[in-house]
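S.K.: Can you keep this structure in mind? I'll have questions shortly.
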Amino acid sequence: MGTREAVIVEACRLPVGRRNGVYADTRPEYLLSAVLKGMIDRVGIDPKEIDDVIVGCVTQNQEQGNNIARIATLTAGLPQTIPAITLNRKCGSSQQAVNQGAQAILAGDYDVVIAAGIENMTRHPMSSDKVEEPEKLKELYEIIPQGLSAERIADKWGLSREELDRFAVRSHLLADQASKSGAFEREIIPIEVEKGGQKILVTTDEGIRPNSAVEKLASLKTVFKEDGKITAGNSSQISDSASVVLIMSREKAEALGLKPRAKIIARDVIGSDPTLMLTGIIPLTKRILEKAKLTVEDIDIFECNEAFASVTMAWMKEIKPDENRVNPRGGAIALGHPTGASGARLMTTMLHELEDLDKEFGLQIMCCGGGMATATIIQRIKS
């Protein structure tokens, strides 16, 4: 027996909807079951081969509560023998699902895992599951909203309002270019939903603003601090979507006659200062590169989640990647950040970027609420 490898066979996603947009009347269980079913139909795999379904979801209340992974697995028509789990590592939830799926395969426990993510933030607003922090936590740490953390990061790394807005415009222009050129078509599963009693077929991401400009963004009011720099324009969008990654052992993929597209070669997670909250991506990038015995220069594509422009820009100042390799098809500022679904969405986009550009190594990195970060490195398997 050679060393086991965890490989990605398929990765796809629904188009991302804006808050109060195309998915406003659609229950999240339907979005998740649609992406699961769409992926299985696309691959043509017998569902009986699936060992587990691992789903990231952040706001696990009401329709997103009650182990939504299990409910969506059943409503997608998968056999009742397939188990499912919903997990919450904040914004890194479905990246954690991918990493956990790979770990189970490498351990020899599973051969076929679905890692997915879901969040309908219109129907389940961020923090609607929140309670007041315990006094003990407040004694230990200064607890502030993420937006204020983003403000402090902008100040600490000397980022001006104009630089942040310019980065936001870049996100929209790159996403618009990718969307118009058809670059997202392979990764998107179209979905029919009802909105206001009308049936609509959703095929493209709803949040991209092709006419975004620095002058327009400059007119927006700051959200968290009167004399601050963080606005709705240079922050990720509140969004609704679902995404899915199919992971197998290499032997199983080949036995089923399916092409392994990339190998998951490193996984990592870290805790960081819960007040600054969003900076764990900096030490974690350095650590995962060491683990994989790679350098910043070796990475062909970086997908660094654009929670706020200041977060990605501070990371770029410290890590010094080639800017053209960072989020080459735009990021969450343009495409949106449906929290639980974003991890698998970034992985999906990164895999397709590596294939379309004929590149080899991709590094995905995400900051997570509460002061954490998740990371994954994949290596494309060239045929």
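Start counting the sequence shown at 5; every next residue gets the next number (the numbering used here). Glycine included, each C-beta is placed from N, C-alpha and C at the ideal position.
#1: Looking at the secondary structure, which residues open and close the alpha helix (DSSP H) in which I148 lies?
#2: What are the start and end residues of the alpha helix (DSSP H) that includes Q368?
#3: Give every residue of the same chain whose Cβ lies closer than 8 Å to the Cβ of G69, excluding the five residues on either side of it in the sequence, and list them in chain order.
#4: Could you check what DSSP says for F171 in three-state terms: helix, strand or coil?
#5: What is the rounded straight-line gap between the Cα of G366 and the Cα of T90?
#6: Helix, strand or coil for A246 per DSSP?
#7: Alpha carbon to alpha carbon, how far is N92 from G340? Give it in angstroms, no decimals.
#8: Apart from the five residues on each side of it in sequence, which residues of its chain come closer than 8 Å, Cβ to Cβ, to T173?
#9: Rounded to whole angstroms, what's the CA-CA distance from A338 to S175? Just pull it up for me.
#10: Give the secondary structure of A179 by DSSP, where H, G and I count as helix, E and B as strand, and everything else as coil.
#11: Below 8 Å between beta carbons: does that hold for I382 and L355?
#12: First and last residue of the alpha helix (DSSP H) that includes D45?
#13: Taking the alpha carbon of C371 as the point to measure from, which residue in L224, P129, T226 and S314 has its own alpha carbon closest?
#14: Considering only the beta carbon of each residue, do A318 and I157 sit closer than 8 Å?
#15: Under DSSP, the beta strand (DSSP E) around E307 begins and ends at which residues?
#16: Could you spell out where the alpha helix (DSSP H) holding D360 opens and where it closes?
#17: With three or more C-beta pairs closer than 8 Å as the rule, is the stretch 13-22 touching the stretch 236-243?
#18: Measuring only the C-alpha atoms, how far is I204 from M376?
#19: Mind checking Q202: buried by the 16 CB within 10 Å criterion, or exposed?
#20: Taking S223 as the reference, give the member of D169, I122 and Q64 with the closest Cα.
#21: Sort T126, I75, E143 and S37 by Cα distance to K199 and report the nearest one.
#22: What's the gap between the Cα of R190 and the Cα of R265?
#23: Following the continuous alpha helix (DSSP H) through R17, name the residue where it begins and the one where it ends.
#24: Could you tell me the alpha carbon to alpha carbon distance between G334 and T289, rounded to whole angstroms?
#25: Report yes if the C-beta distance between N238 and F171 is below 8 Å; otherwise report no.
#26: Can you tell me which of Y34, Q66 and S97 puts its alpha carbon nearest to the alpha carbon of A379?
#27: Could you round the C-beta distance between V102 and I54 to whole angstroms and report it? I think they count as a contact, below 8 Å.
#28: Taking the alpha-carbon positions, what's the V249 to E258 distance?
#29: In whole angstroms, what is the alpha-carbon distance linking K225 and A120?
#30: Residues in the same chain with beta-carbon distance under 8 Å from T299, minus the five sequence neighbours each way, listed in chain order, please.
#31: Out of L178, M281 and L163, state which residue places its alpha-carbon closest to the alpha-carbon of G374.
#32: If you run the structure through DSSP and keep just helix, strand and coil, what is T378?
M.R.: This is what the structure holds:
#1: Counting from one through the sequence shown, the residue named residue 148 turns up at place 144. Premise fails: I148 is in no alpha helix (DSSP H) and is neither H nor E.
#2: In the sequence shown, the residue the question calls residue 368 occupies position 364. Element bounds for Q368: not the alpha helix (DSSP H) but the beta strand (DSSP E), F365 to C372.
#3: Counting from 1 along the sequence shown, the entry for residue 69 is found at position 65. Once the five neighbours on either side are set aside, G69 has no close Cβ partner at all.
#4: Taking the sequence shown and counting its residues from 1, one reaches residue 171 at position 167. Helix.
#5: The residue given as residue 366 occupies position 362 in the sequence shown. The residue given as residue 90 occupies position 86 in the sequence shown. If you take the alpha carbons of G366 and T90, they lie about 26 Å apart.
#6: Against the sequence shown, residue 246 aligns to sequence position 242. In the structure shown, A246 sits in a strand (DSSP, three-state: E or B).
#7: The residue labelled residue 340 in the question sits at position 336 within the sequence shown. The residue labelled residue 92 in the question sits at position 88 within the sequence shown. Between G340 and N92, the C-alpha separation is close to 19 Å.
#8: Here residue 173 corresponds to residue number 169 of the sequence shown, with the count starting at 1. The sequence as given places Val at residue 173; Thr does not occur at that position. Counting only Cβ-Cβ distances below 8 Å, and skipping sequence neighbours, we find S216, A217, V218 and L221.
#9: Indexing the sequence shown from 1 puts residue 338 at position 334. Indexing the sequence shown from 1 puts residue 175 at position 171. Between A338 and S175, the C-alpha separation is close to 6 Å.
#10: As a first step, residue 179 must be located in the sequence shown, where it is residue number 175. Residue state, collapsed to three classes: helix.
#11: Residue mapping note: residue 382 aligns to position 378 of the sequence shown, counting from 1. Residue mapping note: residue 355 aligns to position 351 of the sequence shown, counting from 1. Yes, these two residues count as a Cβ contact at 8 Å.
#12: One-based indexing of the sequence shown puts residue 45 at position 41. Here the alpha helix (DSSP H) through D45 covers P32 to V47.
#13: Position 367 of the sequence shown, counted from the start, is the residue given in the question as residue 371. It is S314.
#14: Position 314 of the sequence shown, counting from 1, holds the residue named residue 318. Position 153 of the sequence shown, counting from 1, holds the residue named residue 157. The answer is yes: Cβ separation under 8 Å.
#15: In the sequence shown, counting from the first residue as 1, residue 307 sits at position 303. Segment I305 to C308, the beta strand (DSSP E) holding E307.
#16: The residue you call residue 360 lines up with position 356 of the sequence shown. Per DSSP, D360 belongs to the alpha helix (DSSP H) from T343 to D360.
#17: yes
#18: By 1-based counting over the sequence shown, the position of residue 204 is 200. By 1-based counting over the sequence shown, the position of residue 376 is 372. Cα to Cα, I204 sits roughly 38 Å from M376.
#19: Position 198 of the sequence shown, counting from 1, holds the residue named residue 202. Exposed.
#20: For the purposes of this step, residue 223 is identified with residue 219 of the sequence shown, where counting begins at 1. Ranking D169, I122 and Q64 by Cα distance to S223 puts D169 first.
#21: Position 195 of the sequence shown, counted from the start, is the residue given in the question as residue 199. Closest option to K199, Cα to Cα, is T126.
#22: One-based indexing of the sequence shown puts residue 190 at position 186. One-based indexing of the sequence shown puts residue 265 at position 261. Spanning the two alpha carbons is a distance of roughly 14 Å.
#23: Residue 17 sits at position 13 when you count from the first residue of the sequence shown. Run containing R17: none in the alpha helix (DSSP H); it sits in the beta strand (DSSP E), A10 to R17.
#24: Translated into positions along the sequence shown, residue 334 becomes position 330. Translated into positions along the sequence shown, residue 289 becomes position 285. When rounded, the distance between both Cα atoms is 20 Å.
#25: Numbered from 1 along the sequence shown, position 234 holds the residue referred to as residue 238. Numbered from 1 along the sequence shown, position 167 holds the residue referred to as residue 171. Contact flag set, yes.
#26: Here the question's residue 379 lines up with position 375 in the sequence shown. For the residues Y34, Q66 and S97, the minimum Cα distance to A379 belongs to S97.
#27: In the sequence shown, the residue the question calls residue 102 occupies position 98. In the sequence shown, the residue the question calls residue 54 occupies position 50. In fact, because the Cβ distance is near 15 Å, the residues do not count as touching under 8 Å.
#28: The count along the sequence shown starts at 1 and reaches residue 249 at position 245. The count along the sequence shown starts at 1 and reaches residue 258 at position 254. Cα to Cα, V249 sits roughly 17 Å from E258.
#29: Stepping through the sequence shown from its first residue, residue 225 is reached at position 221. Stepping through the sequence shown from its first residue, residue 120 is reached at position 116. C-alpha separation (whole angstroms): 35 Å.
#30: Start at 1 with the first residue of the sequence shown, and residue 299 comes out as number 295. L293.
#31: Numbered from its first residue, the sequence shown carries residue 374 at position 370. Residue M281 is the option with its Cα nearest to G374.
#32: Start at 1 with the first residue of the sequence shown, and residue 378 comes out as number 374. Looking at T378 - three-state DSSP - the assignment turns out to be strand.
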